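Input: a single structure, listed below in structure tokens.
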Amino acid sequence: PAASAVYWPSRLSGLGCRLVLIDISTGVDDVAAECRSAGSPKVQAYQCDLSSREAIYATCERLLAEFGQRVDILVNNAGVVTGRPFLDCPDAMIRRTMAVNIEAHFWLCKALLPGMIERNCGHIVTVASGAGQSLTSTDQCSPTMLTPQLGVPSLSDYCASKFAAVGFDESLKFELASRGNGGVRTTCVCPYYINTGMFDGVPLPPRLLPVMDPDYVIDKMVQAILTNQELLVLPRLLYYTNIIH
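So that you can map any letter, position 127 of the sequence shown is 127 in the UniProt record's numbering, and since no number is skipped, the others follow by simple counting.
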């Protein structure tokens, strides 16, 4: 499963959520089993290739049938990293990066968002990255903020996919508000490097900030969902990277 996926279930199940885990790896069943053994029985796993639109639609049709046509929170968390200079990255790897890191967001939202709109209640969480597009927050209760804009060498396709993810979140937020579906909330998460092993072996620039602990990041993400926070940038220092950049 995606690197931080193993940290989500215990937090959300502790809030009484019934969890559905989707990933291409058979390891998703192991994560579900770990949750059950830890006292979270309401966990169901589905193995699905998130680079395939057809597989996503089929899986969503199945889970909606099994869960009473209702999903309240969608966390778009899956991600892949190639970690190669752009010209050394095969076309197939670039296409896979875009398919998993952003196109999967489209297909999952198309499958699960209609039910939220019908009830005017739900939450879409986009786990993007510090490698996200520079956009303003629409949160009317807080000062306007900028999401960080961080291009990184040897991560061109990854950064492009995360720029797209932030843009999709922003556009979806406006679209939901304009059609009178403000009860469906969105949260975009832009974290710095997290100590999950996802970037092991990737040549990264000198780090000015420490790699973050996964438990800390997930706690902040869950709090953002509970408080309907539109934008979460971790650490907060990254809010100001546009000024430095």
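For glycine and all other residues, C-beta sits at the position ideal for the given N, C-alpha and C.
Bear in mind that the values here come from a model prediction, so they are computed numbers and not experimental data.
Start-to-end residues for the beta strand (DSSP E) that takes in residue i
{"i": "P153", "result": "Segment: none, P153 is in no beta strand (DSSP E) and carries neither H nor E."}
{"i": "R217", "result": "Sequence check: residue 217 is Val here, not Arg. Note, V217: premise wrong, no beta strand (DSSP E); alpha helix (DSSP H) at 214-226."}
{"i": "L231", "result": "231-234"}
Reduced DSSP category for residue i - H, G, I as helix; E, B as strand; rest coil
{"i": "Q133", "result": "Because Q133 sits at a pLDDT of 42, beneath the cut-off of 50, its placement in the model cannot be relied upon, and the point is left open."}
{"i": "T97", "result": "helix"}
{"i": "P1", "result": "Reliability fails at P1, whose pLDDT of 43 lies under 50, so the model's placement of it is uncertain and no value is given."}
{"i": "P191", "result": "strand"}
{"i": "A128", "result": "coil"}
{"i": "G122", "result": "strand"}
{"i": "L172", "result": "helix"}
{"i": "A78", "result": "coil"}
{"i": "L50", "result": "coil"}
{"i": "V184", "result": "strand"}
Member of the options whose CA lies at the smallest distance from the CA of residue i
{"i": "G27", "options": "G39, D219, Y46", "result": "Y46"}
{"i": "W107", "options": "N76, V31, I117", "result": "N76"}
{"i": "I73", "options": "M212, G151, L21", "result": "L21"}
{"i": "W8", "options": "M221, Y192, T227", "result": "M221"}
{"i": "G115", "options": "F168, M93, L226, L64", "result": "L64"}
{"i": "G122", "options": "V184, Y158, T227, P85", "result": "V184"}
{"i": "I24", "options": "C48, G39, A38", "result": "C48"}
{"i": "G182", "options": "N120, C60, C109", "result": "N120"}
{"i": "V127", "options": "L15, R84, K42, I225", "result": "I225"}
{"i": "L12", "options": "P90, I218, L232", "result": "I218"}
CB-CB length for residue i against residue j, believed under 8 Å
{"i": "E230", "j": "T186", "result": "7 Å"}
{"i": "V189", "j": "V125", "result": "7 Å"}
{"i": "F174", "j": "I102", "result": "Not a contact, Cβ separation roughly 18 Å."}
{"i": "S51", "j": "A99", "result": "4 Å"}
Segment limits, alpha helix (DSSP H) that includes residue i
{"i": "T59", "result": "53-66"}
Problem - Unbroken stretches of the beta strand (DSSP E), 3 residues or longer, contained in the segment 9-40 - result: 19-23
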